[in-house]
Amino acid sequence: MQSGLLNDTRYRTTTAREFNYLTAEYEMKWGAIEATRGDNNFAAGDDIVSFAASQGMDVKGHTLLWHQSVPSWVSALSAADLRDALAAHIRAVAGHFRGRVHAWDVVNEAVSDDGAGLRDTLFRQKLGDGYIAEAFRLAREADPSALLFYNDYGGEGSGAKSDRIYDLLRNLLAAGVPVDGVGLQMHVSANNRPSDAAIAANMRRLADLGLRIHISEMDVKVNGVAGSVDQKLEAQKSAYKSVVAICVAEPRCEAVTFWGVSDAHTWLTGETPLLFDAQYAPKPAYTGVLDALRRR
Ligand code: XIL
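Under my numbering, the letters of the sequence shown match residues 187 to 482, in that order.
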């Protein structure tokens, strides 16, 4: 959800009609909230929470700790000061939305793309690998009722990154860190995505750790698909249908979130990756999702 689009009637009515769980696309990121140290601006995030409440929808907060959208002042801090600032940030933000969000993406994208280990972020460099556990503990303290998620991309199927994400979560849980679930972002391409079998098996092993699973940011790029526009849209439909069906079949998979509503507003410019076209008409992908939800 983008709060700035709530004044757009087609965006608002489509969102209200079709969905029951909203994630803030950028409004709750550190850089959006605290551009000036100590001066937290919650207005845009509050708009999303109010809209959701008015429609009886749940909200997932996104995200307390990410290596992107970090305020510029953060990079100059000493290790000790960074630890204080991060703790203050998590306490302030999770505290502000306490009781009003169903879940939080506490830590986002902390595993390196090659799957060799943790991503070498500012936080890891200055605070050490324990920063992830610290963040979850702070979040639990600040909002004991929110479900706490680790969220990442590129670990949906099999491979080194998927294995590292699994190891990270297993180790956190073994250490008693309060992690309730894992978000599989699912930014995929219609012609290039993990196999259904790999996604299902990965969900199962994560579920076996006791975690809840969300597909958290799904969109499906089409430009790599050869052929006509219709062929691209059919391939996209097939990807959406298959992936949503895997979630429906997995008892611990509780939600599917799409990274936007219509192709008019997407971070993947020109890829027409979403369920509704730029005029808010449902695409074949939309029918595919419905088919999967109805197990057809
Ligand atoms: C993206 C948003 O869609 C953009 O509007 C913003 O400028 C940058 O971030 N993984 C995530 C999301 O967890 O927060 C990112 O969202 C997309 C990749």
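Where a beta carbon is used, it is the ideal one built from N, C-alpha and C, also for glycine.
Since we're looking at a predicted model, the values are computed, not measured.
Item: Segments assigned alpha helix (DSSP H), at least 4 residues, entirely inside the region 280 to 343; Value: 308 to 313 and 317 to 328
Item: Proximity test, residue 371 beta-carbon vs the ligand XIL heavy atom, cut-off 7 Å; Value: yes
Item: Among 208, 219 and 249, nearest to residue 243 - alpha-carbon criterion; Value: 208
Item: CA nearest to the CA of residue 472, picked from 373, 432 and 405; Value: 405
Item: beta-carbon residue 248 near the ligand XIL non-hydrogen atom, thresh 7 Å; Value: yes
Item: Beta-carbon proximity of residue 439 to residue 399, cut-off 8 Å; Value: yes
Item: Extent of the continuous beta strand (DSSP E) to which residue 352 belongs; Value: It is not in any beta strand (DSSP E) - residue 352 instead sits in the alpha helix (DSSP H) that spans 346 to 360.
Item: Integer-rounded CB distance, given that residue 328 should sit under 8 Å from residue 277; Value: 5 Å
Item: Span of the alpha helix (DSSP H) around residue 428; Value: 415 to 435
Item: Presumed contact (8 Å Cβ cut-off) between residue 201 and residue 447, rounded CB distance; Value: 6 Å
Item: Classification of residue 449 by the beta-carbon crowding that lies within 10 angstroms, buried from 16 upward; Value: buried
Item: Contacting residues, own chain, Cβ-Cβ under 6 Å from residue 397 (five flanking each side not counted); Value: 367 and 368
Item: Cβ contact (3+ pairs, closer than 8 Å) linking the region 265 to 273 and the region 301 to 319; Value: yes
Item: DSSP three-state assignment for residue 462, whether helix, strand or coil; Value: strand
Item: Residue span of the beta strand (DSSP E) that contains residue 207, given as start and end; Value: 207 to 209
Item: Residue 190 and residue 214 closer than 8 Å at C-beta; Value: no
Item: Integer Cβ distance of residue 402 from residue 370, believed to fall under 8 Å; Value: 6 Å
Item: Reduced DSSP secondary structure (H/G/I, E/B, other) of residue 378; Value: strand
Item: Residue 271 versus residue 260: straight-line alpha-carbon distance, rounded; Value: 8 Å
Item: Inter-residue spacing [alpha-carbon to alpha-carbon] between residue 334 and residue 457; Value: 31 Å
Item: Residues that DSSP places opposite residue 410 in a beta bridge; Value: Partner(s): none; residue 410 has no beta bridge.
Item: DSSP three-state assignment for residue 275, whether helix, strand or coil; Value: helix
Item: Residue 475: first and last residue of the uninterrupted alpha helix (DSSP H) it sits in; Value: 470 to 479
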